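What follows is a short report on a single structure.
Written out as structure tokens, the structure is:
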């Protein structure tokens, strides 16, 4: 694809994070001629314990509706949930890219695949993990990892517990990027989710390639977009 027909890229972060986590990837993409990607800050990761999955989906849907151009959405980790819920009825969304993300079905919540919450059921807010560098950033340069860990925010429990009512990947072409040394997902979970996608790619390293290897992630993103519906003219149905 040429710079003249590159789609709008919308980036949706995961639990405990914010739009800031995409800064290194955005710098890499804009340096390659991409239009400046748009980012969404999810309400459930702002410290608001009352904000759940549906509030996040509303924020994503409102953001996507701003654009008339074709849109590709890149969702990381928990971000796959509100994107899956929100994108199905936004006509300009042409491709979903799940980056080590929860690609689940109607009726499932984030905690469904692991059999329920791992935190006390009375908790309305979940603090960031105690060991974020080991869990999220084990291959990220130390200075960048320390900065990221210092910026993590509490996540609402509702966002993990509310079930999907829609599954956008059933009607929109999708790609899944598996991170081979991911320490966040239970063993094998990403490989169970990935076959739902129309295209699968793998990256070495941790749950956070946007910090560990943004150039490699940008290469992979360009690859999946070049083979998506905007390049091929194909649709999900066809």
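Residue numbers (the numbering used here): 22 to 259. Glycine residues also receive a C-beta, built at the ideal position from the N, C-alpha and C atoms. Keep in mind that this is a model prediction, so the values were computed, not measured.
| query | Mapping DSSP to helix, strand and coil, what is residue 114? | reply | Looking at residue 114 - three-state DSSP - the assignment turns out to be strand.
| query | So does residue 56 have its beta carbon nearer than 8 Å to some heavy atom of the ligand SAM? | reply | Of ligands this structure carries none, so the ligand SAM is not represented either.
| If you follow the beta strand (DSSP E) that residue 32 is part of, which residue opens it and which one closes it? | 29 to 33 is the extent of the beta strand (DSSP E) around residue 32.
| request: Kindly indicate which residue of 122, 40, 191, 224 has the alpha-carbon position closest to the one of residue 61. | output: Nearest to residue 61 by C-alpha distance, out of 122, 40, 191, 224, is 40.
| query | Closest to residue 78 by CA distance: which of 252, 187, 215, 196 is it? | reply | Selection 252, 187, 215, 196 evaluated against residue 78 yields 187 as nearest (Cα-Cα).
| field | Beta-carbon proximity check, residue 195 vs residue 124, cutoff 9 Å | value | Their beta carbons are under 9 Å apart, which means residue 195 touches residue 124 by this criterion.
| said: Suppose contacts are defined by Cβ-Cβ distances below 9 Å. Is residue 65 in contact with residue 157 by that definition? | reply: In this structure, residue 157 does not lie closer than 9 Å to residue 65 by Cβ.
| task | Put residue 193 into one of helix, strand or coil per three-state DSSP. | result | Looking at residue 193 - three-state DSSP - the assignment turns out to be coil, as it is neither helix nor strand.
| said: So, with DSSP's three-state summary, where would you put residue 179? | reply: Residue 179: helix per DSSP, three-state reduction.
| Between the Cα of residue 80 and the Cα atoms of 89, 229, 59, which residue gives the shortest distance? | When each option's Cα is compared against that of residue 80, the closest is 59.
| request: Specify, as a first and last residue, the run of the beta strand (DSSP E) that residue 224 falls within. | output: Going by DSSP, residue 224 is part of the beta strand (DSSP E) stretching over 220 to 224.
| Member of 72, 240, 113 whose CA lies at the smallest distance from the CA of residue 84 | Ranking the options by Cα distance to residue 84, first place goes to 113.
| task | Within the same chain, show all residues whose beta-carbon is closer than 6 Å to that of residue 144, passing over the 5 residues directly before and after it, in chain order. | result | Here the set comprises 178.
| contact_flag[the region 214 to 230, the region 87 to 95] where n(CB pairs < 8 Å) is 3 or more | When C-beta atoms of the region 214 to 230 are compared with those of the region 87 to 95, fewer than three pairs fall below 8 Å, so the two segments do not count as touching.
| request: Have a look at residue 152 and residue 164 and give me their C-alpha separation to the nearest angstrom. | output: Each residue's alpha carbon lies about 16 Å from the other.
| said: For residue 86, which residues in the same chain have their Cβ closer than 8 Å to its Cβ, ignoring the five residues on either side in sequence? | reply: Once the five neighbours on either side are set aside, the close Cβ partners of residue 86 are 111.
| Inter-residue CB distance, residue 117 and residue 193 (contact presumed, cutoff 8 Å) | Indeed, because the Cβ distance is near 5 Å, the residues count as touching under 8 Å.
| field | Secondary structure of residue 199, DSSP reduced to three states | value | Looking at residue 199 - three-state DSSP - the assignment turns out to be strand.
| said: So for residue 119, helix, strand or coil by DSSP? | reply: Three-state DSSP puts residue 119 in a strand.
| field | 7 Å Cβ shell around residue 135 - same chain, five flanking residues per side excluded | value | Result list for residue 135: 207, in chain order.
| request: Have a look at residue 259 and residue 162 and give me their C-alpha separation to the nearest angstrom. | output: With a pLDDT of only 46 at residue 259, under the threshold of 50, the placement of this residue in the model should not be trusted, and no figure is reported.
| request: Quickly, what does DSSP pair residue 97 with across the bridge? List them, please. | output: Here residue 97 is bridged, per DSSP, to 120.
| query | Are the beta-carbon atoms belonging to residue 204 and residue 159 less than 9 Å from one another? | reply | Yes, they are a contact pair.
| said: Going by DSSP in three states, residue 245 sits in which element: helix, strand or coil? | reply: Assigned with DSSP and collapsed to three states, residue 245 falls in helix.
| query | When DSSP labels each residue in this structure, what does residue 257 get in the three-state scheme? | reply | It is coil, neither helix nor strand.
| request: State the DSSP-derived secondary structure class of residue 233, mapped to helix, strand or coil. | output: Residue 233 falls in the helix class under three-state DSSP.
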